[in-house]
Amino acid sequence: MTLVKEIDYGTPAAKSDRQVTLTIDGQQVTVSEGTSIMRAAVELGTEIPKLCATDTLKAFGSCRLCVVEIDGRFGTPASCTTPVLPGMSVHTQTPRLKAIRRGVMELYISDHPLDCLTCAANGDCELQTMAGAVGLRDVRYVYDGANHVFARKDGKANFEWKPKDESNPYFTYDPSKCIVCNRCVRACEEVQGTFALTIDGRGFDSRVSPGADEAFMESECVSCGACVQACPTATLTEKSVIAIGQPEHSEVTTCAYCGVGCTFKAEMRGEEIVRMVPWKDGKANHGHSCIKGRFAYGYALHKERITSPMIRDKATDPWRVVSWDEAIAFAADRFKAIQEKYGKRSVGVITSSRCTNEETYLVQKLTRAGFGNNNTDTCARVCHSPTGYGLNQAFGTSAGTQDFDSVDDTDVILVIGANPTDAHPVFGSRMKKRLREGAKLIVVDPRRIDLVRSPHIEADYHLALKPGTNVAIVTALAHVIVKEGLVNEAFVRERCDWDEFQDWAAFVSEERNSPEEVEKLSGVPAADIRAAARLYATGGRAAIYYGLGVTEHSQGSTTVMAIANLAMATGNLGRRGVGVNPLRGQNNVQGSCDMGSFPHELPGYRHISNEAARHSFEEAWGVELDNEPGLRIPNMFDAAIAGEFKGLYCQGEDILQSDPDTKHVSAALSAMECVIVQDLFLNETAHYAHVFLPGASFLEKDGTFTNAERRIQRIRKVMSPKNGYGDWEITQMLAKAFGLDWNYSYPSEIMDEIARLTPTFKNVSYAKLDEVGSVQWPCNDSSPEGMPIMHIEGFTRGKGKFVITEYVPTDEKTGPRFPLLLTTGRILSQYNVGAQTRRTENSQWHPEDVLEMHPHDAELRGVRDGDWVRIASRAGEITLHAKVTDRVAPGVVYTTFHHPLSQANVVTTDNSDWATNCPEYKVTAVQISPSNGPTEWQEQYRELSESARRIATAAE
Amino acid sequence: MTKVYVPRDMAALAVGAKRVLAAIEKEAAARGETIQIVRNGSRGLLWLEPLVEVETPEGRIGYGNVKPSDVPSLFDAGFLKGGAHPLSIGKVDEHPYWAKQTRVTFERVGIIDPVDLDDYVAHGGGQGLAKAFEIGPAKVIEEVTKSGLRGRGGAGFPAGIKWKTVADAPADRRYVVTNADEGDSGTFADRMVMEGDPFVLIEGMTICGYAIGASKGFIYLRAEYPQCAEVLTEALEAAREAGWLGPNVRGSGFAFDIELRIGAGAYVCGEETSLLESLEGHRGIVRAKPPLPAHVGFMSRPTVVNNVLTLATAPAILAKGGEYYASFGVGRSRGTMPLQIAGNVKYGGLYETPFGLTLGEIVNDIGGGTLTGRPVRAVQCGGPLGAYVPPSLFDTPFDYEAFQKHDSLIGHGGLVVFDDTVDMAQMARFGMEFCAIESCGKCTPCRIGSTRGVETIDKIVEGVDVESNIELLSDLCHTMKFGSLCALGGFAPYPVESALRHYPEDFRKATLPAAAE
């Protein structure tokens, strides 16, 4: 293993199809029109010296090292900003150029510390490399002039000098080492789109500045790290590099946070991670990352990580540390006993959307083949199960239709119930980039998310609807499209069921679906709905991106189908720049669904009652499979309380914190006789567990994740598992204890089995992934390299299906007792239940969950910013600090559930999607009142958390 | 009713024109005289400001250097009828400094009421635009190309070719931008046009907009010109009211309007790409070229960025024909150049004349030599980044190519004269210091080099390692000249190198005292 070094071409690739041939240093080279001379030279193998150029940013032309001479042209143009022309003859090294380069380097070094040996960038400093490249041998300027290097000059304070800014927990900013190449500023603008950085001062005074001379932590910086990655010197450096030193080898792997699926180079020194650097060839992220993926990996080594198996008789006992053998035997014995006593279907599993495809596959296989039932479910139940259902109904596949790159060709972006800049930040940045290029934007969200208005971005329409009225709004959009003759009839006639379309068109045309009627229930002005509909239908290539704000409703599946209707009616499917794109939450939630985690579906979305499919598995696994769908997660809880469901193997999911109506979940878990939790930490669910199997982090195992665009990517082991085993190995041990003869020696063998048994994965193998980097399923004989855009010729199911989407208001209504609507969401720095991010410095950005409420509602209740407030619903009550903001509309309050002690899900109810039981997290009627502090439940829970986490010491 | 002209030009205001005006009004009221005050621009005979003129049947009679205290005696002398007075310079039109000029661009400056559109038309204004509408956009560009007009901002790029490039660039929108960020020391021609005849600029921009297919123009005016802003604002308003700007310019069906934008005090924003950045609301830093603003300019649209003088000359070219304009000048420098004569000079002012006079004629014959009466030692041509030219090169004709031949430039036409007391090492230092203060900080040679240049010259002056520091300074000049991104860093070496070349002794004073004694 060596350090994966990526070639820096200096300027981005040109997109033209036309080719240009030119001569560089006597050698001919042919490149795309629009390519810079610098890039053409690199393609030829010639590196022209450079400092301000890097291929992730547009050419800037400031460092003046890359000057060249061109026959027949006056002067010495910069090769980064000069495009190639046919027949051009370029010289990259002449006496004049050498003199200029040395002169420029001499100037650089005359204002730079000479502490190379002790500098954190030593060995990875472009300034150092360039000084070598241009042959700088002497700096003749005396070191007593104006400088940014020394705090004092001539015995007085040097006001050019600025102290280091160490406010950010992950990186430092040392202004004395800045060469003002602007790469950080440009990265913040062009790549991340936050515009937090600028250059302060001009001329010699120029220096990078977050905001108006603020510290990084006080500025608008979102700590994505693009600036650190772009910095060619030690000016912006990861604190880990300062602490450890330069890495010596690296592995390409995939981030374990959100569904974007960024790939990273894990740069290592031995088994120690030095830093995570987003991989330029990563097709989901193209070299960009967010604060979580790049910096928040420290949880893997956190002191609260449990590395030994533990068991206990009762959940109220302290934990006992035991050997793996003992823990596995204990678990297997208890499960066997439960099945003997309560029947085959009294146990089940919850697969993890955080674990690999291979691991998920094994867990569902364990319940189907080992426990002999189909009681398997996954956290997609509580997030995107309506997507799977709805899109399958409409198109015939349970997944998004596009790749992320498709957004580059989009003219109109319609975002419904998603907050990409917080929840899918790297894709959010791509979207913002496209918006800055001129794409139009419609946001449908009760809250003013950052996309609505942030630097250089503004939504054309923000439909700030009342939570719970998605279906009405989307149907009203369809009403306008149909009534105003904006339907793409040719598309619909060719690709969709025409009769169904006509029924649908008649339905949406009804007056009760008009914007004017819908305004009354949604609160969105009819004129805005009409204008947004026209823009979506006529603005060019239009793409819909949606998230949990669509699915986590009692009509989640209906909205998904309404969205599909909209896209079909306007012909926005089957090509680049369009489509229906669910922004899936967890790193492998797509994969866990693909792998047969649902109780009714075998891998590849084949119903358990499908004889042929079931038979193929029976044959492969050598067992007979139950042909009845098993229990969904909420059914498991209900059955547990009813005394029929007694044993649960829960891998990598914290259902207690993440599932709605916490009191109900807690009662269900308490009623079980054996709860096996497999996780990195003693999570909240583990309070009720009897067996704790320590899991491995994504850095400690091999496997694959599938991201929101159906892209299957490798994760690679970069350190030995602290707990001793990869999660797939632990499931295999459990299976063996159940008498199953599993002998997988490496995860690739599991993937081979998946490929053998799942038609859409037929051509997937580790060899293939190593060769091409990643593939988007379906990957089989008809699309051997995968399928970035789906439904190009026609829909997978045949004719696209229009479904009537009748708006049925949720039962969760406001009234005198609960006059406000609570909706929940995410924040950039924290991830999901926070099990990982809370154990990193990310908590500096978001130390607690707060309740956002409108000034009007706050005023009515005498609540001031920062006060404790009690949030009461039909289900329960909690207390949080209030944040008074007009981000939310009057009547709507908002919080996140990243922190276990806030217990936001104590107030959410057990309402759920009619089709898939996806919980209605997004709508809860609540009342808010001032409070003195945490509620009794929160206090009790805090005590429980402490007592349930006791581990017996060896002496006991 | 007698017309009395009291200039509103800043050069006149700076020496008390406003107080003189108040005194005249007061005195006239006291004496029961009814007069009509006209606030004209300046004639450009700046050493005579405030120059009050009175209209008489024989012509306009001028009274120079009028102070408020002179006013009663002027009335006593019957100045309203052109009466004799020690301050009288006689008929202004016959003053040699005026009479010998060839005024094309400055035809009306100092003569008319700058914000009176009727006065403008009465003096031939508007004919260029009328002609443009008559012949159509393509012919307009042809005419401008034929005139040989080159960009008057300093670079001297042929205006017709620039206009054609923009007109031919495919785009949904195009723009005309006037560069009115006149920052060169010793230059004031743009200001005088804008304060003395703003309609000619408006007309020129409209002609350009019509030719290239732009419906919007901007004037990017430096913040240090508040009087210009005032006059321009009045003129733009008057033009809009009269239908010279707006959705249907003078009934032609062509829509064009102009917005005045004020800069924020950065010299570098006179560089066209930083100007565009600033106009777009960004920090004023230089953009790399290519792409040229003619292809990717304001808001990424093809844009003509021209100096005030360039655009203000277009109406005359259209009205009188490209050939008429091209009939003036020498070689590739066609037409006239409004010279701005400043510094230590007897007759400082604006002097419009065809290209081709020698530098010596300009400095000695027109300018009258130094004000101090001492010998001329150097003339800096083309602003703070222009070369210092010694009297030994005074036979150089004033044209772009002739100046370029010995590494100097005519720039925007500013000439600053120094007598023999000047320390040329300090003047070289000033060039670097100016660059250090005004550098945008984008490119390394200019950002760091200018500061190091000042320090190195200081070392030389102090007598520290003089020869090796002079070598270092020469190397630095080479790096800046060929390595800088724009003309600011690229031209900062010109004053330094010319001083080193022509006045080497001034750099070695510290090491020479023994020899001198």
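Top to bottom, those sequences are chains S and A.
Position one of the first sequence corresponds to residue 1 (our numbering), numbered consecutively onward.
Position one of the second sequence corresponds to residue 957 (our numbering), numbered consecutively onward.
Heads up, the beta-carbon is just placed ideally off N, CA and C, and yes, glycines get one too.
Around the C-beta of residue 1333 of chain A, are 16 or more other C-beta atoms found within 10 angstroms, so that it is buried, or is it exposed?
The residue is buried, with at least 16 neighbouring Cβ atoms inside 10 Å.
Under the rule that 16 or more other beta-carbon atoms within 10 Å means buried, what is residue 263 of chain S, buried or exposed?
Looking at its Cβ environment, which holds 16 or more other Cβ atoms inside 10 Å, residue 263 of chain S is buried.
For residue 515 of chain S, which residues from the same chain have a beta carbon less than 6 Å from its beta carbon, with the 5 sequence-adjacent residues on both sides left out?
So the qualifying residues of the chain are 476, 526, 529 and 530.
Residue range of the beta strand (DSSP E) that includes residue 676 of chain S:
Where residue 676 of chain S is concerned, the enclosing beta strand (DSSP E) stretches over 674-679.
Under the three-state DSSP convention, the category residue 303 of chain S falls into
DSSP, reduced to helix, strand and coil, places residue 303 of chain S outside both helices and strands of the structure shown, so it counts as coil.
Could you please tell me which residues of the segment 1380-1395 of chain A, in chain order, have their CB closer than 9 Å to any CB of chain S?
Interface annotation for the segment 1380-1395 of chain A against chain S: 1391, 1392, 1393, 1394 and 1395, criterion Cβ-Cβ distance under 9 Å.
What separation, rounded to the nearest whole angstrom, lies between the Cα atoms of residue 937 of chain S and residue 875 of chain S?
In a straight line, the C-alpha of residue 937 of chain S is about 12 Å away from that of residue 875 of chain S.
Starting from residue 713 of chain S, trace the beta strand (DSSP E) both ways and give me its first and last residue.
Boundaries of the beta strand (DSSP E) around residue 713 of chain S: 711-715.
Cβ contact check for the segment 1386-1400 of chain A and the segment 1446-1458 of chain A: 3 or more pairs under 8 Å
Yes, since at least three Cβ pairs between the segment 1386-1400 of chain A and the segment 1446-1458 of chain A fall closer than 8 Å, the two stretches touch.
Beta bridge counterpart(s) of residue 1213 of chain A as assigned by DSSP
Residue 1213 of chain A is bridged to A:1172.
In whole angstroms, what separates the C-alpha of residue 547 of chain S from that of residue 1124 of chain A?
Between the alpha carbons of residue 547 of chain S and residue 1124 of chain A lies a gap of roughly 46 Å.
Could you pull the start and end residues of the beta strand (DSSP E) that residue 200 of chain S belongs to?
Where residue 200 of chain S is concerned, the enclosing beta strand (DSSP E) stretches over 197-200.
Does the beta carbon of residue 983 of chain A come closer than 8 Å to any beta carbon on chain S?
Against chain S, the CB of residue 983 of chain A has no partner CB under 8 Å away; the residue lies outside that interface.
Environment of residue 1207 of chain A [buried if 16+ CB atoms lie within 10 Å]
Exposure of residue 1207 of chain A is indicated by the presence of fewer than 16 other C-beta atoms within 10 angstroms of its C-beta.
Report the neighbours of residue 1397 of chain A on chain S: residues whose CB is nearer than 8 Å to its CB, in chain order.
Neighbours of residue 1397 of chain A on chain S, chain order: 180, 199, 201, 202, 203, 204, 205 and 206.
Following the continuous alpha helix (DSSP H) through residue 982 of chain A, name the residue where it begins and the one where it ends.
Segment 973-987, the alpha helix (DSSP H) holding residue 982 of chain A.
Have a look at residue 600 of chain S and residue 423 of chain S and give me their C-alpha separation to the nearest angstrom.
Looking at the two C-alpha atoms, the distance is approximately 29 Å.
Which listed residue (S:784, S:897, S:345 and S:836) has its alpha carbon closest to that of residue 304 of chain S
Comparing Cα-Cα distances from residue 304 of chain S to each of S:784, S:897, S:345 and S:836, the minimum goes to S:836.
Note down, in chain order, every chain A residue with its Cβ under 9 Å from the Cβ of residue 175 of chain S.
Ordered by position in chain A, no residue passes the 9 Å Cβ test against residue 175 of chain S, which lies about 14 Å from the chain.
Residues within the segment 1355-1370 of chain A neighbouring chain S, beta-carbon criterion of under 7 Å
If you check each beta-carbon in the segment 1355-1370 of chain A against every beta-carbon of chain S, none falls closer than 7 Å.
Can you tell me whether DSSP reads residue 907 of chain S as helix, strand or coil?
Coil at residue 907 of chain S, not helix or strand.
Return the CA-CA distance between residue 922 of chain S and residue 259 of chain S, expressed in angstroms with no decimal places.
The straight-line gap from Cα to Cα measures roughly 20 Å.
What are the residues in the segment 62-78 of chain S lying within 9 Å of chain A by C-beta distance?
Of all residues in the segment 62-78 of chain S, only 62, 63, 64, 65, 67, 75, 76, 77 and 78 place a beta-carbon less than 9 Å from a beta-carbon of chain A.
Where residue 110 of chain S meets chain A, residues with beta-carbon distance less than 7 Å
Within chain A, the residues near residue 110 of chain S are 1404 and 1408.
Using 8 Å for Cβ pairs, my map puts residue 210 of chain S next to residue 219 of chain S. What's the rounded Cβ distance?
About 4 Å separates the beta carbon of residue 210 of chain S from that of residue 219 of chain S, a gap short enough to meet the 8 Å contact definition.
Range of the contiguous alpha helix (DSSP H) that encloses residue 576 of chain S:
Here residue 576 of chain S belongs to no alpha helix (DSSP H), and DSSP marks it neither H nor E.
What does the alpha-carbon distance come out to for the pair residue 67 of chain S and residue 164 of chain S?
The alpha-carbon atoms of residue 67 of chain S and residue 164 of chain S are separated by roughly 33 Å.
Taking Cβ-Cβ distances shorter than 8 Å, what residues in chain A pair up with residue 186 of chain S?
Residues of chain A passing the Cβ test: none, with the nearest at roughly 12 Å.
With a cut-off of 8 Å, does the C-beta of residue 1213 of chain A fall near any C-beta of chain S?
It does not: the Cβ of residue 1213 of chain A has no partner Cβ on chain S nearer than 8 Å.
How would you label residue 584 of chain S, buried or exposed, when you count the other beta carbons within 10 angstroms and need 16 or more for buried?
If you draw a 10 Å sphere on the C-beta of residue 584 of chain S, you find 16 or more other C-beta atoms in it, and that means buried.
In this structure, what does DSSP give as the bridge partners for residue 1177 of chain A?
When DSSP reads this structure, residue 1177 of chain A sits in a beta bridge with A:1136 and A:1218.
For residue 815 of chain S, collect the residues of the same chain with a Cβ closer than 8 Å to its Cβ; drop the 5 residues on either side in sequence, then sort them by chain order.
Result list for residue 815 of chain S: 925, in chain order.
Does chain A have any CB closer than 8 Å to the CB of residue 104 of chain S?
Taking 8 Å as the CB threshold, residue 104 of chain S lines the interface with chain A.
Can you tell me whether residue 761 of chain S is buried or exposed? The criterion is at least 16 other CB atoms within 10 Å of its CB, across all chains shown.
By the 10 Å Cβ count, residue 761 of chain S comes out buried.
Closer than 8 Å to chain A by CB, residue 730 of chain S
False, the Cβ-Cβ gap to chain A never drops below 8 Å.
Kindly list the residues whose CB is nearer than 8 Å to the CB of residue 1058 of chain A, restricted to its own chain and excluding five residues on each side of it in sequence; keep chain order.
Cβ neighbours of residue 1058 of chain A beyond the five flanking positions: 1284, 1292, 1308, 1309 and 1310.
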